[in-house]
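Colleague:
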Amino acid sequence: CLIVLEQEYEPDHDQLAYPLMTLGSILIARGEVETGETMLLRSRSILSKSFPDSQLINDIDALLARPD
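In structure tokens form, the structure reads like this:
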């Protein structure tokens, strides 16, 4: 799914931030922590460029700070 999205949109397209965050959270919950964290970091990067004051950045930081 992610590969298809990246082919259709530019990698830093701001509309990908929320789906990447959601997918990253799901993957972490399923135990695929490394892949999930990568998606959360990409989402955070997109948000910090497009929406630097977004509350979602704080939400992502909280997800990344959770101990396993």
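Position in the sequence shown (from 1) plus 4 gives the number in the working numbering. From the three backbone atoms N, C-alpha and C, an ideal C-beta is built for every residue, glycine too.
Tell me the rounded alpha-carbon separation between D65 and I50.
Modeller: 14 Å
Colleague: Compare the C-alpha of E41 against each of K53, Q19, D57 and T26 and name the closest.
Modeller: T26
Colleague: Could you check whether S47 and L21 sit closer than 8 Å to each other, using their CB atoms as the reference points?
Modeller: What sits at residue 21 in the sequence shown is Ala, not Leu. At a Cβ-Cβ threshold of 8 Å, A21 and S47 count as neighbours.
Colleague: Using the beta-carbon count (16 or more within 10 Å), is I32 buried or exposed?
Modeller: buried
Colleague: By the 10 Å Cβ neighbour count, where 16 or more other Cβ atoms means buried, how is G28 classified, buried or exposed?
Modeller: buried
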